[in-house]
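J.: Quick one: this structure, given as structure tokens, is what I'll be asking you about.
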Amino acid sequence: MNTPATYKVLGVCGSLRQKSYNMAALKAAGELMPASMKLQITGIAELPIYNFDVQEKGFPGAATRLREEILAADALLFASPEYNWSVGAPLKNAIDWMSRFQPQPFDNKPAAVFSCTTGPVGGARGQYHLRPILGQLGVHWLVKPEVFIGMAQSKFAEGKLTDETTRKFLTDQMRAFEDWIRRVKRLVA
Numbered sequence: 213m214n215t216p217a218t219y220k221v222l223g224v225c226g227s228l229r230q231k232s233y234n235m236a237a238l239k240a241a242g243e244l245m246p247a248s249m250k251l252q253i254t255g256i257a258e259l260p261i262y263n264f265d266v267q268e269k270g271f272p273g274a275a276t277r278l279r280e281e282i283l284a285a286d287a288l289l290f291a292s293p294e295y296n297w298s299v300g301a302p303l304k305n306a307i308d309w310m311s312r313f314q315p316q317p318f319d320n321k322p323a324a325v326f327s328c329t330t331g332p333v334g335g336a337r338g339q340y341h342l343r344p345i346l347g348q349l350g351v352h353w354l355v356k357p358e359v360f361i362g363m364a365q366s367k368f369a370e371g372k373l374t375d376e377t378t379r380k381f382l383t384d385q386m387r388a389f390e391d392w393i394r395r396v397k398r399l400v401a
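Under this note's numbering, the first residue of the sequence shown carries the number 213, and numbering increases by one thereafter.
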């Protein structure tokens, strides 16, 4: 009897805020994933601001840990807030650190992204900036369904995603992501 593969998905939240809507949505996505997917959420708060002088002395432990987690994952799931119409500094900093490693940990990783914001657009502009940044590092993006969670303050209560329509959007994205992971892994094998 063939048992389906279990995919290790590394979740990366681009917000460092303690009560981040993006982190709450990332946890909800983990609960809504098909049984063949298992989410592990990593942290990026301990990474120092990227500086080549620091790199020359040796990669910080937090950077090496994140690289190892990315390499061990089958896929990446980003919860990315939007700051000033773009990718937030914490997430961009993590990407900058990872881009300095050889081999490149993002290369040939299937990935998906969603975003939460308190504004009406839901982080679309930030996502559209994130995609080419990681695309040039070898990430294979799930194109759709796209998930933009606008007016997030009305969709969460006590750190939990309570809006059923949004839960359905995330569920649909996670189902599509499972298929995408399978397809990408088959192509790059």
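Heads up, the beta-carbon is just placed ideally off N, CA and C, and yes, glycines get one too. On a predicted model such as this, the values are computed, not experimentally measured, just so you know.
#1: Sorted by chain position, which residues of the same chain lie with C-beta nearer than 6 Å to residue 394's C-beta, five sequence neighbours on each side aside?
#2: Name, in chain order, the residues that DSSP records as bridge partners for residue 245.
#3: Suppose the cutoff is 8 Å on Cβ atoms and the five residues either side in sequence are ignored; what does the same chain contact list for residue 420 look like?
#4: Would the region 279-292 count as touching the region 242-256 if we require 3 or more Cβ pairs under 8 Å?
#5: Give the single residue among 359, 231, 262 whose Cα lies nearest to the Cα of residue 377.
#6: For the region 297-313 against the region 375-392, are there 3 or more C-beta pairs whose distance is under 8 Å?
#7: For a test of the three-state rule: what should DSSP assign to residue 370, helix, strand or coil?
T.: On the basis of the data shown:
#1: Cβ within range, chain order: n/a, list empty.
#2: According to DSSP, residue pairing for residue 245 in a beta bridge does not occur.
#3: Because the chain spans 213 through 401 in this model, residue 420 falls outside it and cannot be assessed.
#4: Because the criterion of three Cβ pairs below 8 Å is met, the region 279-292 and the region 242-256 touch.
#5: Measuring from the Cα of residue 377, the nearest candidate turns out to be 359.
#6: At 8 Å Cβ cutoff, the stretches do not touch.
#7: Here residue 370 sits in coil by DSSP.
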